[in-house]
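Student: Residue numbers (the working numbering), protein chains in the order written: chain A, 1230 to 1603; chain B, -2 to 532.
For glycine and all other residues, C-beta sits at the position ideal for the given N, C-alpha and C.
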């Protein structure tokens, strides 16, 4: 389809321009901070000196990208129908602690154990997202405000649970608290064997390459199919493109709000699992936070499409990974956050520009082809 | 007589070789128009011929690719409407741009307020407006709220707004589209006065009788270019129409009656209150509840509306826009809640969802195709699925059947003559007429038993209009029941088997279209004539 390809290429070009501009902006910031931009650039590609360090760096990159990808997908489901689920942050925390706790209370064969953990996470995330959905359809409460508030509530509930009812036994001298550890059957098998295929050493840091990567890929494919090929996906698209037309076409807006929010929350529930099932085996006070908010940026960058989100998640993970390397190069690692922020802003602008341009182009093409045939 | 001096004066507006390449619609190509000062110059052409584009160029909203614009002999290069306003050009848009909750005075000065210190100098504004109103014979009360004004008054406010900004050349874009015949006559009286004050009026229309009535000169546009300049005294409406379309004008007349005895749609006591639907309290009937609302002085958007449409019948609803037509349609579609009952083929569908109503055979051509009818940024085949997402051929189990949907879109493109490069084209790339043909084709799919057609030919060209009329007539002959709502009185009279007039949410008259004129119909629509004519 040349029309579709055209649009895709334009989008890509826009994103590349945005990223180049973002790097330019950051070079200015680095110079201002007294660093050398070229030096910084090399730091980004510095994956370590030894082979083991390089493998670890690659594993870290993917381990970071997977939760970002899932977070991006969760946010994108809402965005697709102009529903701003800012509450992914809270949803994944609640889901993670529930899943980690429930998973630690019993022992079953690995597939069952893991399936139960995943289902608990999705149900918990989905139910937590149901709250703002119900508030919106029954009382017209804006979902942005409701989900932001629910984030604070989730933060405090999890802080309470991890210290109180869900707390595990603390080892002698341990400063952090966490839920009881998962049994071995609850840990997701790692993918370290993949490194062997490329002639690399297996990574060792934090359990190596987390197996949840496979779940994330399957999730991305399934979500693409649901959004692009099913009736439900059509309803989502119609609601997002033109609310009144969707209403007139018989799409029930309330049901769509609830369905999209719950689906978004259920996916959000999975964000914490790569870490828990891949490395820590429990939800603790050191649990990675902020993924829900980063997910918003990743979804924006990936234009709410699974493939785009995957690319965006990898890019963000690539930048995040360099924080350590930058410190070694005497450059403040917060440069990474500046780059990320600049990229998101510029890509949003670039998206808008290329989108308008693409639509214009489409009109012209149609007009031209008609003239040829007429 | 000053006609000679006028003829020798420099033209107020001179357009030379204006060309605008614009995708999707007919572009302007080598347009040449000379407008003499102190005249009413009409620009006529069918919908989509390029009149609006031309006016946007003249008003600085779009820039021509080629050609020159001269105002009072000086060459101009307008970048924005402010440039055009500075050159003394004012535009009265087809759709009024007024703030309802402001007074007439506030609307007129909005954006060009006379100030005393930091405050609005109301006294100065009032003086100026009264003066303008008096010299041009445009009577309005500057202190009334715009929301309380009728359509004709609103238009006068729009004209005053333009004059207030010092315009000497007025562009009126289809000013009569929203007016009933009586109001048109008033408008023309105003225009004649403006002309006698030495102002120049550019009058855009496709209503030929009106043009012949008011214009001093007529320029005809066809397919984006000027095809003729004619003197209204030397031309007939018929000749003008031929110039416009290049062939004979179609008429919307239906032939013999196909009305059957079977009732397809029955609406009884439909009542809708303003400010949100409230359920009828237990123990009272809808009728009692509505009576109570009326006694309380509550405004009713729909007031006890009842009618039947038989298979093979087109029921036309006449009314000035905003008298409850939209509410009626949305109540029947189940988009807005209302009291009373709606029956389709003998089944009470009042409590059904919009989706279920559609599935059971209601087709819906919405009044605003961009708002309710299309996903502009989606492909044509996806637009074919819209509203049919739960039915064959669009659906197969939980999936959208892309192949079947595309094939059926091809069928519509063929049968309804939708001009498009293909089914993957985005809907926004099509011209208005082609978008509308796609919608009509879609709504006729799946053998509906009842069709709501709201302004089915609004903003489409004559060719598409004739095609849509033909499709409606064919479907009617095949037993379709149609509720037709239209602002085009000729269309309404020509297509309908029965006409009901809606006024302030009530059906106030049932008329026989075979012996009614647009003028009389206009009288009913404004409430000037009351009561039902008996055949």
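Excluding sequence positions up to five away, which residues of its chain have a Cβ less than 6 Å from the Cβ of residue 413 of chain B?
Tutor: Taken in chain order, the residues that qualify are 434 and 438.
Student: Give me the DSSP bridge partner(s) of residue 13 of chain B.
Tutor: According to DSSP, which records beta bridges pairwise, residue 13 of chain B is partnered with B:65.
Student: Measuring straight from C-alpha to C-alpha, what distance separates residue 502 of chain B and residue 302 of chain B?
Tutor: Their Cα atoms are separated by approximately 8 Å.
Student: Out of curiosity, what's the CA-to-CA distance linking residue 115 of chain B and residue 161 of chain B?
Tutor: The alpha-carbon atoms of residue 115 of chain B and residue 161 of chain B are separated by roughly 20 Å.
Student: DSSP on residue 300 of chain B, reduced to helix/strand/coil?
Tutor: Residue 300 of chain B falls in the strand class under three-state DSSP.
Student: 7 Å is my cut-off, CB to CB: does residue 1376 of chain A come that close to chain B?
Tutor: With 7 Å as the cut-off, residue 1376 of chain A does not count as an interface residue toward chain B.
Student: Can you list, in chain order, the residues of its chain with a C-beta nearer than 6 Å to that of residue 1277 of chain A? Leave out the 5 residues immediately preceding and following it.
Tutor: Answer for residue 1277 of chain A: 1283 and 1286, listed in chain order.
Student: Closer than 7 Å, CB to CB, is residue 409 of chain B near chain A or not?
Tutor: No, because no Cβ of chain A sits closer than 7 Å to the Cβ of residue 409 of chain B.
Student: Would you mind telling me which residues of chain A sit closer than 7 Å to residue 382 of chain B, beta carbon to beta carbon, in chain order?
Tutor: The contacting residues are 1463.
Student: For residue 1649 of chain A, would you say it is in contact with chain B, using Cβ-to-Cβ distances shorter than 7 Å as the test?
Tutor: The structure shown has nothing for residue 1649 of chain A, since chain A only spans 1230 to 1603.
Student: Rounded to whole angstroms, how far is the Cβ of residue 1412 of chain A from the Cβ of residue 1511 of chain A, which I believe are closer than 8 Å?
Tutor: Contact doesn't hold; Cβ gap of about 11 Å is too wide.
Student: Would you list the one or two residues that DSSP bridges to residue 72 of chain B?
Tutor: Bridge partners of residue 72 of chain B: B:67.
Student: Cα separation between residue 1327 of chain A and residue 1506 of chain A?
Tutor: Using only the alpha carbons, I get a separation of about 13 Å.
Student: Hey, is residue 378 of chain B's beta-carbon within less than 7 Å of any beta-carbon in chain A?
Tutor: Not closer than 7 Å to any Cβ of chain A, the Cβ of residue 378 of chain B fails to qualify, so no.
Student: Could you tell me the boundaries of the alpha helix (DSSP H) in which residue 186 of chain B lies?
Tutor: It spans 178 to 193 - the alpha helix (DSSP H) in which residue 186 of chain B sits, taken as one unbroken run.
Student: Write down the C-beta distance between residue 1524 of chain A and residue 1300 of chain A rounded to the nearest angstrom, noting that I regard them as a contact closer than 8 Å.
Tutor: The pair is a contact, with the Cβ atoms about 3 Å apart (cut-off 8 Å).
Student: Using the three-state DSSP reduction, which class does residue 409 of chain B fall into: helix, strand or coil?
Tutor: Reduced to three states, the DSSP call for residue 409 of chain B is helix.
Student: Using beta carbons (cut-off 7 Å, strictly below), is residue 1532 of chain A in contact with chain B?
Tutor: False, the Cβ-Cβ gap to chain B never drops below 7 Å.
Student: From the DSSP output, read off the bridge partner residues of residue 315 of chain B.
Tutor: BP columns for residue 315 of chain B point to B:498.
Student: Is it the case that the CB of residue 302 of chain B approaches a heavy atom of the ligand PLP more closely than 6 Å?
Tutor: Within the structure as shown, the ligand PLP is missing, as the structure has no ligands at all.
Student: Measuring straight from C-alpha to C-alpha, what distance separates residue 1487 of chain A and residue 1306 of chain A?
Tutor: Their Cα atoms are separated by approximately 12 Å.
Student: Tell me residue 1357 of chain A's beta-bridge partners as DSSP assigns them.
Tutor: Its beta-bridge partners do not exist; DSSP assigns none.
Student: Using only alpha-carbon positions, find the residue among A:1312, A:1562 and A:1528 that is nearest to residue 1272 of chain A.
Tutor: The residue with the shortest Cα to Cα distance from residue 1272 of chain A is A:1562.
Student: Can you tell which of B:221, B:253, B:217 and B:254 has the C-alpha that lies nearest to the C-alpha of residue 238 of chain B?
Tutor: The residue with the shortest Cα to Cα distance from residue 238 of chain B is B:217.
Student: So residue 1325 of chain A and residue 1502 of chain A are supposed to be a Cβ contact under 8 Å. How far apart are they, rounded?
Tutor: Between residue 1502 of chain A and residue 1325 of chain A the Cβ distance is about 7 Å, and since that is below 8 Å, they are a contact.
Student: If we define contact as Cβ-Cβ less than 7 Å, is residue 1592 of chain A a contact residue for chain B?
Tutor: Output row for residue 1592 of chain A: interface = yes.
Student: Can you list, in chain order, the residues of its chain whose CB lies under 8 Å from that of residue 407 of chain B, leaving out five sequence neighbours each side?
Tutor: Result list for residue 407 of chain B: 420, in chain order.
Student: Nearest-angstrom Cα distance between residue 92 of chain B and residue 155 of chain B?
Tutor: Their Cα atoms are separated by approximately 10 Å.
Student: Check whether the Cβ atoms of residue 85 of chain B and residue 165 of chain B sit closer than 7 Å, and answer yes or no.
Tutor: Yes, they are a contact pair.
Student: With respect to the beta strand (DSSP E) encompassing residue 200 of chain B, which residues constitute its N-terminal and C-terminal limits?
Tutor: Per DSSP, residue 200 of chain B belongs to the beta strand (DSSP E) from 197 to 202.
Student: Kindly provide the ranges of any beta strand (DSSP E) runs that are 3 or more residues long and lie completely inside the stretch 331 to 400 of chain B, ordered along the chain.
Tutor: Correct list: 336 to 341 and 359 to 362.
Student: Considering only the alpha carbon of each residue, which of B:94, B:138, B:484 and B:476 lies closest to residue 522 of chain B?
Tutor: Cα-wise, what sits closest to residue 522 of chain B is B:484.
Student: Round the Cβ separation of residue 1465 of chain A and residue 1452 of chain A to the nearest angstrom and send it over; I've been treating them as touching at under 8 Å.
Tutor: About 11 Å separates the two Cβ atoms, so there is no contact after all.
Student: So with CB distances below 8 Å, who are the chain B contacts of residue 1470 of chain A?
Tutor: Within chain B, the residues near residue 1470 of chain A are 372, 373, 374 and 375.
Student: Please say whether residue 169 of chain B and residue 153 of chain B have beta carbons closer to each other than 7 Å?
Tutor: Not a contact, by the Cβ cut-off of 7 Å.
Student: Where residue 472 of chain B and residue 448 of chain B are concerned, what is the direct C-alpha to C-alpha distance, given to the nearest angstrom?
Tutor: Residue 472 of chain B and residue 448 of chain B: Cα-Cα distance of roughly 10 Å.
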